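Chemist: Chains as they are written, first to last, in the working numbering: chain R, 8 to 346; chain Z, 701 to 944. Glycine residues also receive a C-beta, built at the ideal position from the N, C-alpha and C atoms. Just so you know, these numbers come straight off a predicted model, no measurement behind them. The structure is given below, and queries will be raised subsequently.
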């Protein structure tokens with residue numbers, strides 16, 4: 008057991024093993040490698056657009072699940088409707104592009120802010136309840152927004168909005184989206200890490216364990232939950248905005264389906280709820296597994312069943328998710344211990 | 701002026717009946733006061749009401765001249781009243797260190813918190829040894845030390861303990877009450893509820909008896925149990941309990 012001097016400001020003082028020292032460099036190398044992937048675009052005879060697309064999808068879902076983890080993991084409030092924030096970001100950026108011709112790369116941060124403000128207001132209302140009632144309120148939110156957009160011709164109604172391609176040739180067209188989505192994913196992970204190590208994050212974790220105790224310890228629980236909800240909306244709004252022009256199309260069926268809202272939950276549970284690395288690992292695994300099974304078995308409903316079966320097995324045998332279970336067993340590689 | 705004045709407080713849960721039916725109570729600066737009384741007398745309810753977890757339906761809670769009615773628990777702890785609820789106020793899935801930080805959550809000054817945590821470690825070396833362990837893995841006595849450590853980190857003006865001895869081995873209970881006396885030496889005022897009346901009163905300066913939501917007796921802790929009125933009350937209630 009640790010007998011070394013305890014420095015209270017840093018709770019990771021005894022983890023000075025070589026794994027933890029080299030972790031910074033390994034993660035740096037991974038990020039640098041990801042940043043260099045597009046350069047290979049000109050080194051191969053065929054282009055790498057398939058792989059770039061796959062990575063962009065992974066970055067999108069890392070952002071979704073990492074952000075979701077702030078309210079769902081740290082604070083313990085399960086939301087099945089975080090896709091509304093992606094929809095808000097997507098529609099906002101799409102409208103600004105169509106009406107005012109402002110590129111989504113410019114409007115994306117603004118879309119994030121709007122998603123955050125909307126999240127704050129919604130949180131003030133829905134976070135009055137907890138448990139199943141809260142979960143249902145988040146599903147209701149998706150249905151309400153879907154009904155509104157379906158019937159609002161200004162936003163394209165059920166038919167959706169078609170967006171122009173960005174005017175780049177096939178070798179370049181994915182690259183701006185690749186870097187933008189990579190940046191958003193990295194920032195969202197850093198944001199999540201920062202919250203996890205802040206006093207605010209400690210307060211959120213206290214709320215997830217016992218709200219009454221948290222309150223008596225001096226945490227303004229109501230405000231914390233609303234802030235966490237709003238904070239979890241920001242990067243989802245940004246990613247939703249980028250996604251709209253990437254797929255050159257927004258419609259209620261892209262964003263406002265239950266699967267879109269449930270996916271970050273599944274990914275986070277698979278990777279490890281309430282850990283920083285869990286949602287990242289979970290998102291990458293789910294997307295890779297889906298891609299693999301689609302390429303092997305075709306895009307049938309079989310994939311959905313496959314994902315479901317894996318999910319059930321994980322939840323039954325590793326309820327803490329991969330990162331959580333490995334930590335419990337004392338086998339979490341230092342590379343993934345970001346808490 | 702007393703540190704805490706409770707003035708005709710009526711309180712209860714939800715839309716349920718009144719549990720406290722007009723309680724008057726004062727806590728003086730620097731004393732250890734022990735509230736005793738039979739089950740269902742409203743002892744825990746009283747502490748919860750002071751801590752802001754329940755709103756008084758009638759009456760006032762006044763702390764250092766300020767009326768606390770209607771404040772949230774997190775606002776009340778910032779005014780210097782800490783409440784350590786029954787059944788350990790710990791977060792079982794957090795580490796010892798994180799629990800101590802939770803204790804000092806209301807402190808704004810980070811370096812002061814670090815200092816106080818070091819002091820808590822100095823008083824309870826076992827906690828320092830296990831600072832990275834989850835609180836749930838500690839023994840009952842160690843968990844209670846952690847609860848006390850949390851109070852030491854915050855150093856509230858008034859600390860309220862709800863049945864601190866619950867579920868502890870007898871020799872640990874004795875240690876516990878020594879720690880409570882230590883709070884007094886460190887300048888804290890203590891208001892505690894104890895089922896274990898004799899030991900609780902031994903540790904206290906003043907005692908107060910609550911029954912059926914009202915204060916029925918108040919006086920120096922010494923010999924409170926020898927008072928014929930209290931004996932009658934306790935025996936009387938016991939008899940009632942047996943026949944029911």
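1) So that I know if they touch, is there some Cβ in chain B lying closer than 8 Å to that of residue 774(Z)?
2) Could you name the residues of chain R that residue 791(Z) contacts, counting a contact when the two beta carbons are closer than 7 Å?
3) Would you call the region 145-157 of chain R and the region 233-240 of chain R in contact, with 3 or more CB pairs under 8 Å?
4) Here's the rule: buried if 16 or more other CB atoms are within 10 angstroms of the residue's CB, otherwise exposed. What is residue 774(Z)?
5) I want to know whether the region 157-165 of chain R touches the region 30-40 of chain R - three or more CB-CB distances under 8 Å.
6) Would residue 881(Z) and residue 925(Z) qualify as a contact pair, given that the criterion is a beta-carbon distance under 8 Å?
7) Note down, in chain order, each residue of its chain lying with its Cβ closer than 7 Å to the Cβ of residue 152(R), except the 5 sequence neighbours on either side.
8) Is it buried or exposed for residue 71(R), if we count other Cβ within 10 angstroms and need 16 for buried?
9) Of all the CB atoms in chain Z, is at least one closer than 8 Å to the CB of residue 284(R)?
10) Which residue's Cα is closest to the Cα of residue 769(Z): 784(Z), 888(Z), 711(Z), 744(Z)?
11) Any Cβ of chain R within less than 8 Å of the Cβ of residue 969(Z)?
12) For residue 322(R), is the classification buried or exposed, using 16 other Cβ atoms within 10 angstroms of its Cβ as the cut-off for buried?
13) Select from the region 61-86 of chain R all residues with a C-beta closer than 7 Å to any C-beta belonging to chain Z, and list them in chain order.
14) Under three-state DSSP, which class holds residue 783(Z)?
15) Please return the same chain residues whose Cβ sits closer than 6 Å to the Cβ of residue 238(R), not counting the five positions on each side in sequence.
16) Of all the CB atoms in chain R, is at least one closer than 8 Å to the CB of residue 798(Z)?
17) Could you tell me how far apart the beta carbons of residue 65(R) and residue 291(R) are, in whole angstroms, since I believe they sit closer than 8 Å?
18) Please state whether DSSP places residue 254(R) in a helix, a strand or coil.
19) Please name the residue in 848(Z), 731(Z), 736(Z) whose C-alpha comes closest to that of residue 702(Z).
20) Near residue 885(Z), which residues of its chain fall below 7 Å by C-beta distance, leaving aside the five closest residues on each side in sequence?
21) Is residue 920(Z) near residue 906(Z), with beta carbons less than 8 Å apart?
22) Starting from residue 705(Z) and walking both ways along the alpha helix (DSSP H), at which residues does that stretch end?
23) Under the three-state reduction of DSSP, which class applies to residue 905(Z): helix, strand or coil?
24) Starting from the C-beta of residue 142(R), find all residues in its chain whose C-beta is less than 8 Å away, skip the five residues before and the five after it, and write them out in chain order.
25) Going by Cα to Cα distance, which pick from 853(Z), 825(Z), 855(Z) is closest to residue 842(Z)?
26) Which residues bound the beta strand (DSSP E) around residue 733(Z)?
27) Shortest alpha-carbon distance to residue 877(Z) belongs to which of 725(Z), 854(Z), 844(Z)?
28) Please confirm whether residue 863(Z) and residue 833(Z) have their CB atoms less than 8 Å apart.
29) Check the DSSP bridge columns for residue 889(Z) and list the partner residues they point to.
30) Exposed or buried, residue 799(Z), counting other C-beta atoms within 10 Å across all chains shown (16 or more means buried)?
31) Measuring CB atoms only, is the region 782-801 of chain Z touching the region 811-831 of chain Z, in the sense that at least three cross pairs come out at less than 8 Å?
32) In its own chain, which residues sit with a C-beta less than 8 Å from the C-beta of residue 757(Z), not counting the 5 before and 5 after it?
33) Among 296(R), 227(R), 30(R), which residue has its Cα nearest to the Cα of residue 802(Z)?
34) Closer than 8 Å by C-beta to residue 755(Z): which residues in its own chain qualify, once you throw out the five before and the five after it? Chain order, please.
35) DSSP beta-bridge partners for residue 931(Z)?
36) Compare the C-alpha of residue 849(Z) against each of 860(Z), 789(Z), 820(Z), 870(Z) and name the closest.
Modeler: Short version:
1) Absence of chain B from the displayed structure is noted, the protein chains being R and Z.
2) 213, 216, 217, 220
3) no
4) buried
5) no
6) no
7) 91, 94, 263
8) buried
9) no
10) 711(Z)
11) No answer is possible for residue 969(Z): it lies beyond the span of chain Z, which begins at 701 and ends at 944.
12) exposed
13) none
14) strand
15) 77
16) yes
17) 5 Å
18) coil
19) 731(Z)
20) none
21) yes
22) Careful: residue 705(Z) lies outside any alpha helix (DSSP H), inside the beta strand (DSSP E) at 704-711.
23) coil
24) 85, 86, 87
25) 825(Z)
26) 732-736
27) 844(Z)
28) no
29) 858(Z)
30) buried
31) yes
32) 710, 711, 712, 718
33) 227(R)
34) 711, 749, 769, 770
35) Per DSSP, none; premise fails for residue 931(Z).
36) 820(Z)
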